[in-house]
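Chemist: These protein sequences, in sequence, are chains D, B and X. Going left to right, the first sequence walks through residues 804 to 1001 as this note's numbering numbers them. Going left to right, the second sequence walks through residues 31 to 782 as this note's numbering numbers them. Going left to right, the third sequence walks through residues 295 to 609 as this note's numbering numbers them. Even for Gly, the Cβ is constructed at its ideal location relative to N, Cα and C.
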Amino acid sequence: MSRMKFYCDDYRCIDCNGCVVACKEAHEIPVGVNRRRVITINEGIEGKQKSLSVACMHCSDAPCQKVCPTDCFYIRTDGIVLHDKDKCIGCGYCLYACPFGAPQFGHEGIFGVKGVMDKCTFCAGGPDETLSESEFEHYGQNRIAEGKIPMCASMCSTKALIAGDASEVDKIYEYRMAKRGDTTSLKPYGWEAYNNGK
Amino acid sequence: MANTLGYGGMTNHLGDMQNSKVILIMGANPAVNHPVGMQHILKGKENGAKIISIDPRYTKTSAHADLFARIRTGTDIAFLYGMIRYIVKNNLHDKQYLDERVFDWESIVVEAEQYTPDVVANVCGCTAEKFLEVVKLFAENSPGCLIWNQGWTQHTIGTSNTRLGPIMQMFLGNIGKVGGGCNILRGHDNVQGASDMANLSDILPGYYPINEGSWKYYSGQWQVDYEWLKGRFKTKDMMEKKGFSLSTWPWGVIDDENAANNAGTPLKALICIGNGISTITMTHKTKEALDKLDLVVFIDPYVNDAAVITDRTDNMFLLPAASQVESSGSVAATNRSYQWRSQVVKPLYEAKEDHDILFEFAKRLGFYEEFTRSLKNGKPSYEWPEDATREFNRAIKTIGLQGVTPERMKRQQENWALFDPLTLKGSGVVEGEYYGLPWPCWSDKHPGSPIMYRTDVSVMEGGMGFRAGWTDKGPDGKPVVVAEKNGQTLLALNEPAGSRFKGGHLEITADNIESFGITLTAEEKEKVKGKNWKNDNTYILVNKALEAGLCPYGNGKARARAWDWADQLPKHREPLHSFRQDLVAKYPTFEDKKDHYRTNIRYASEQNKQKWVEDFPINVVTGRIVEHMGTGTETRASKYLAELAGEMYAQIHPTLAKKYGIDDGDMIWVYGTGEGKIKVKARYSHSVAETDIFLPQNFSGLWSGKSLVDKYPKGTAPYALGENSNQITSYGYDIVTSCPETKCTLARIEKA
Amino acid sequence: MESKTFWECNKAYILTALGLGVVGFVFVGYLMIMDWGYLIQFTLHALIGDTSGVLTVPSSELEQMINAAFGSAYNSVAPEIIRASNERQEYIWYVFFAEILIFVFLYIKNGRVTPTITRPNDTVQVLTSFQRAVIWLNIGMISVLVLTGFNITWGLRSEGGDLPRILREFHELTGLAWIAVWLVFTVIAAKDMKGWRKNSTFRHFLPGSFKPSKRVIWFFYAAMGAALCFSGAMIITLHPSSLTHADVIQFRRVLLYLHFGASVLIMFFILDFVYASAVSVKGYLKGLWSGSYPREYLEQVAPDVLDDLKKAGRQ
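(1) Would you say the stretch 945 to 956 of chain D touches the stretch 909 to 921 of chain D, given that touching needs at least three Cβ pairs under 8 Å?
(2) Out of ASN345/B, GLU383/B, LYS773/B, state which residue places its alpha-carbon closest to the alpha-carbon of ALA650/B.
(3) Can you name the residues of chain D whose CB is closer than 9 Å to the CB of LEU671/B?
(4) Strictly by DSSP, which residues pair up with VAL700/B?
(5) Could you name the residues of chain D that MET359/X contacts, counting a contact when the two beta carbons are closer than 8 Å?
(6) Considering only residues of the same chain and omitting the five flanking positions on each side of ASP625/B, which have a CB-CB separation below 6 Å?
(7) Is there a C-beta anywhere in chain D that falls below 7 Å from the one on GLU76/B?
(8) Just mark MET697/B as buried or exposed, buried being the case when its beta carbon has 16 or more other beta carbons within 10 Å.
(9) Taking three-plus beta-carbon pairs below 8 Å as touching, is the stretch 354 to 374 of chain B in contact with the stretch 396 to 404 of chain B?
(10) Can you check whether the C-beta of PHE809/D is within less than 7 Å of a C-beta belonging to chain X?
(11) Determine the closest residue to MET487/X out of SER346/X, PHE464/X, ALA516/X, ARG459/X, with distance taken between C-alpha atoms.
(12) On the premise that GLY762/B lies in contact with PRO605/B, defined as a C-beta separation below 8 Å, what is that separation, rounded to the nearest angstrom?
(13) Measure the beta-carbon distance from LEU523/B to GLY586/B and round it to whole angstroms, keeping in mind my assumption that it falls under 8 Å.
(14) Rounded to a whole number of angstroms, what is the C-alpha to C-alpha distance between CYS822/D and CYS894/D?
(15) According to the neighbour-count rule (16 or more other Cβ atoms, all chains shown, within 10 Å of its Cβ), is ARG216/B buried or exposed?
(16) Going by DSSP in three states, GLY174/B sits in which element: helix, strand or coil?
(17) Considering Cα atoms alone, identify which of GLY261/B, THR703/B, ASN365/B is closest to GLY45/B.
(18) Taking only three categories from DSSP, how would you classify THR501/B?
(19) According to DSSP, simplified to helix, strand and coil, what is PRO526/B?
(20) List the residues of chain X whose Cβ lies closer than 9 Å to the Cβ of LEU898/D, in chain order.
(21) With 7 Å set as the bound, which would you pick, yes or no: does the beta-carbon of GLY943/D sit closer than that to a beta-carbon of chain X?
(22) My output table needs one value for LYS736/B: the three-state DSSP class, helix, strand or coil.
(23) Please confirm if the stretch 198 to 208 of chain B is in contact with the stretch 167 to 177 of chain B, defined as three or more CB-CB distances below 8 Å between the two stretches.
(24) Anything in the stretch 914 to 938 of chain D with a Cβ closer than 7 Å to a Cβ of chain X? List those residues in chain order, please.
(25) Output needed for ALA299/B: all residues of its chain with C-beta closer than 7 Å, excluding positions within five of it in sequence on either side, in chain order.
(26) Rounding to the nearest angstrom, what Cα-Cα distance links THR485/B and GLY533/B in this structure?
(27) Identify which residue in THR961/D, HIS830/D, VAL834/D, VAL884/D has its Cα closest to the Cα of LYS808/D.
(28) I'd like to know whether the C-beta of SER717/B is nearer than 7 Å to at least one C-beta of chain D.
(29) Suppose only complete runs of 4+ residues qualify. What are the alpha helix (DSSP H) ranges in the stretch 253 to 334 of chain B, listed by chain order?
(30) Between the stretch 586 to 604 of chain B and the stretch 484 to 501 of chain B, are three or more C-beta pairs nearer than 8 Å?
(31) Using 8 Å as the threshold, is the stretch 455 to 475 of chain X in touch with the stretch 520 to 530 of chain X, meaning 3 or more CB pairs across them?
(32) Excluding five sequence neighbours on each side, which residues of the same chain lie with their C-beta closer than 6 Å to the C-beta of HIS602/B?
(33) Do the stretch 726 to 733 of chain B and the stretch 744 to 761 of chain B touch if we need at least three Cβ pairs shorter than 8 Å?
(34) Measuring CA to CA, which of LYS917/D, SER937/D, THR933/D, SER960/D is closest to ILE530/X?
(35) Could you spell out where the beta strand (DSSP E) holding MET346/B opens and where it closes?
(36) Mind checking LEU421/X: buried by the 16 CB within 10 Å criterion, or exposed?
Next comes the structure, spelled out in structure tokens:
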């Protein structure tokens, strides 16, 4: 079984923020924490306006895991990168190391300093018992355990955001690329932004 | 559009756009207003369709278009005529289609003659080259579909816009074609249902006109005595008179002269149920009216923002209504599909479902028995909403809702997966049905009509010609259905596939049905005597017609000339507050209209009152933003949506901003032509033209710089508050529908 | 001062410069993977207000999107952070070991000055209560910062959890509070120290002259403290937010690296200070608390303090 990954098709993304709201609603995430966000560049410039939805890319050699001082990250066999909020001390090193800005912090610390880290879980919950109350409280829904794809991708208005098995995602990407000819980004954003520190 | 084609609904459906080869989006922004529908447009693009976006702004839709043309607001008619002229000059029009199916199309050609590319460029503000690029791309690809929305309807000439669009499509033979059509994307998930059920002041359910014939028909349907029903109105004339409309009612309160149109009295009370009147044009006038009324009632799940805008201190009531998840029933999507909704949870707290509230009113006003008689239909009690559905199945024949029964809708609801999104065809258990049974669905055996006006399939597969129901004044002054006008026939020269009768024919009546080779038994003849397909409760006429492959509403021509209208052919007229004062003399607006939905509306006198653009030099475009819906009452109360779009702003081009010394993020005052003003944050954007600003229309809660948050009952204020852009929209209403001319607003700005 | 050779006068400065120079050269030249050219350019841009890290106009749409969505030039700085974070946990023991080795060597070479006290009750008031407050606050807060800071670094030992998380939160809050203390101490020491060689003639705060070695310690206290305060304050103020991420992440990375680097250097000089005040000379803790030292102690260990106090009339 191959890895799980995200692909956001900037050709189809219309900056509707459906993915952002779907994620926040599904996991009851506090205001201020955005596991997923949509970026638009060149707004209003004819022919150049593009939008992209970004969240944790679940890297196979995740730099967040490398830097964590308490070693609270773990990478599942299906490639999903998760972390243990009970171990996390909220130091923020993962944020510095992440090429994509996936780690998010609320203001739950003493006097409003940052609390523990929160990030996209690919809707796969966390180390707590699967589908338990405590898992939902800490990490949100566990849709992968229910056999469903992440909420953001399932709610994407235009199916710009695709999530799932890497081989399936690749197939869709190649299919769309073939259909469109040369208008699809040759390098999907995100897949190239982080290339093993080289 | 009903006055051109016969029915006024979206002709094709969303999934059908994947079959188009070119999609022209004008006066619409589906990426923002129909994000999920946009999927079909983008898939169409992947299937090779070219997308053309024509808009005063470079919108999110334009960002995905192959071709973008910026035109001045309110100049669509000039553009469309320019297109028609080019199409005809280059022989790209479908002559056969026009001759067979369109009445008086030649006049359009004559009218289009003056719109050369240079004239179009001058009026619309684009270059002639860009215009030619657009028309070449659209005319040379087939099938092409046309999408529009509020960008076309919110003008004094909105109804002309929405007539000329379909006419242009017919020149290309695109109506009644897979991948073609006029796809008007309605802005809410049940606007189509609301208009089908006549939530308008000039029609009865199913678009029956409010004349004696229809009232008598409905008295029969509702099983009440016509005389009793007539007695509920002040006079018979008032019963048959168009009421105030959503945009003009404030004038019925404020202006004493309108009392004459309203049987001698101003409006005294307002009951507002499920409507965000705070974002109807000229909110400061709405406020004035609300302050003056004797009684105001808001029925809504949230606190209606208008309740906070008014300063009245007494006789205002808020009744909590249940939301859509707390009630069940059918809703009609923009493509005329009816879907069944189930109740998820019983109404919470003291909220009541809308119908319960109305029944409570009926009980206290003394006509509950009459009100529910036809719901019971002979049984001791009624079952809501199934009996209401059955009632409209019986009553609404004009648009063919006979076949949209609760049982069929529920079965479709349970079998969503069995429908194909591209064709809407069902399989398995729902074999033969189209999803949502799009009307007209003539009988409970009919599958629905996903693509209207198709003559390449039979009527029982959803095919039909244009409606043959055009009326003209008869000798006694009353409207009568005619088969010809000005010496030209109004009947089509072709017919739907499988039709036993060749050529066009008028709508089916008891008198003419046998002339189509259909025989009735003596018993049947007796039952349908004097009736037509719209009021025959036995359905014999309809079913016999369907058997013979005939469409019950006839087989006529679409009409390019609307002979009973102020502008028989669509004409470009400058908006009342025109950015191009120099064009007003050549394209003046209408004469003032009295008693337009019981209001005296100014047209020419407003346009000529002053040279508006000299004092108000900024063109204002208002529109929706994707995070919010309508008045924003519901969406601004959602913490996540309020987080994404929490404050009001004005998008302004950096060049324009610098002329006024406005930096990105500065507060500015925007003054409208009607003495309203708002204070908003300026945001630099290249999407607006250098002469325009864009204002989102979804905000409320701030009034000219002051916060109204304290006026909300405790705990009910939304998270996000903002200025209401409709405080500064300019006066103006469509000549036929009274839809407000918000899209052609002029304003003055200054740094705050 | 008596006539000393150039070497004797400036021994402390020369040795410090040499030591840091060698260590710095080895580190920067062989042990770091940061793109120094980028870092220098970035600092120049940051000084004129542009902290986004976008130093050149994007050459492609891909680059533009990456800058807007993820932040720019990931490979220039972030890998260094990753390297530093990991290696601090594993190798910093060796650094401490090497540092302590230096002081052991010095101890062996120079021994310890141990004053003999015969008249313990003949005391002199050396430090006012204000001075003691500042000193003790400093000692207390720096201890907390060191302990909580290393709690973060050595998370593998603690394995995370509620207590380490609270300690980390205390690190941030104590750091914020320490800014004021650091500032006071730096200002008054600067005032008294006044210049490279001379001491201020009006020493109203800390009595006693500044020997070069003490100057070096103070200088690094001030400089590294400044770096720590600035980077720490910025790190807290720029609370992570998805809205500003791409614009500030490169700046945050540089700040974090500054914080790491400054903390390493200040640790050495803290050890140096402890050695200088309590190991090479027998300290008098009771005096630090009460403010009064036995006269004999001062005569033997710090006669310049006595002179100063006489001059100031507080003898």
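Modeler: Result, derived from the coordinates:
(1) no
(2) Position 620 of the second sequence, counted from the first residue, corresponds to residue 650/B. Checking the displayed sequence, the identity of residue 650/B turns out to be Val instead of Ala. The option with the nearest alpha carbon to VAL650/B is LYS773/B.
(3) Here residue 671/B refers to the residue found at position 641 when the second sequence is read from its first residue. Within 9 Å Cβ-Cβ: ASN820, VAL824.
(4) Sequence index remark: in the second sequence, residue 700/B carries index 670 (1-based). Paired residues: ILE708/B, ILE779/B.
(5) Looking up residue 359/X in the third sequence gives position 65. Simply ASP813, ILE842, ILE844, LYS853, LEU855, TYR992.
(6) On the second sequence, position 595 is the one that residue 625/B refers to. Closer than 6 Å at the Cβ level, and outside the excluded window around ASP625/B, lie ASN291.
(7) The count along the second sequence starts at 1 and reaches residue 76/B at position 46. GLU76/B counts as touching chain D.
(8) One-based indexing of the second sequence puts residue 697/B at position 667. Flag for MET697/B reads exposed.
(9) no
(10) The residue labelled residue 809/D in the question sits at position 6 within the first sequence. Judged by the 7 Å Cβ criterion, PHE809/D is not in contact with chain X.
(11) Working through the third sequence from its first residue, we reach residue 487/X at position 193. If we check each option's Cα against that of MET487/X, ALA516/X comes out closest.
(12) The sequence position of residue 605/B within the second sequence is 575, counting from 1. The sequence position of residue 762/B within the second sequence is 732, counting from 1. Right, their Cβ atoms sit about 6 Å apart.
(13) Counting from one through the second sequence, the residue named residue 523/B turns up at place 493. Counting from one through the second sequence, the residue named residue 586/B turns up at place 556. Between GLY586/B and LEU523/B the Cβ distance is about 11 Å, and since that is not below 8 Å, they are no contact.
(14) Translated into the one-based positions of the first sequence, residue 822/D becomes position 19. Translated into the one-based positions of the first sequence, residue 894/D becomes position 91. Approximately 28 Å, taken between the alpha carbons.
(15) Along the second sequence, one-based indexing puts residue 216/B at 186. The residue in question, ARG216/B, is buried, as its Cβ has 16 or more Cβ neighbours within 10 Å.
(16) The residue given as residue 174/B occupies position 144 in the second sequence. The answer is strand: DSSP assigns GLY174/B an E or B state.
(17) Numbered from its first residue, the second sequence carries residue 45/B at position 15. Looking at the Cα atoms, ASN365/B is the closest of the given residues.
(18) On the second sequence, position 471 is the one that residue 501/B refers to. Note: THR501/B maps to strand in three-state DSSP.
(19) Taking the second sequence and counting its residues from 1, the one referred to as residue 526/B is at position 496. Coil.
(20) Counting from one through the first sequence, the residue named residue 898/D turns up at place 95. Chain X residues near LEU898/D: PRO534, HIS539, ILE543, ARG546.
(21) Residue mapping note: residue 943/D aligns to position 140 of the first sequence, counting from 1. False, the Cβ-Cβ gap to chain X never drops below 7 Å.
(22) What you label residue 736/B is simply residue 706 of the second sequence in a count that begins at 1. Correct three-state label for LYS736/B: strand.
(23) yes
(24) PHE914, VAL916, LYS917, VAL919
(25) Counted from its first residue, the second sequence places residue 299/B at position 269. These residues qualify, in order along the chain: LEU323, ASP324, LEU325.
(26) Position 455 of the second sequence, counting from 1, holds the residue named residue 485/B. Position 503 of the second sequence, counting from 1, holds the residue named residue 533/B. Rounded to whole angstroms, THR485/B to GLY533/B spans 11 Å at the Cα level.
(27) Within the first sequence, residue 808/D is the residue found at index 5, counting from 1. The option with the nearest alpha carbon to LYS808/D is VAL884/D.
(28) The count along the second sequence starts at 1 and reaches residue 717/B at position 687. So, interface residue.
(29) 256 to 261, 266 to 269, 279 to 284, 313 to 322
(30) yes
(31) yes
(32) Numbered from its first residue, the second sequence carries residue 602/B at position 572. So the qualifying residues of the chain are ILE107, ALA108, TYR617.
(33) yes
(34) What you label residue 530/X is simply residue 236 of the third sequence in a count that begins at 1. The shortest C-alpha separation from ILE530/X is found at LYS917/D.
(35) Here residue 346/B refers to the residue found at position 316 when the second sequence is read from its first residue. That run of the beta strand (DSSP E) goes 346 to 350.
(36) Along the third sequence, one-based indexing puts residue 421/X at 127. Answer is buried; the Cβ neighbour count reaches 16.
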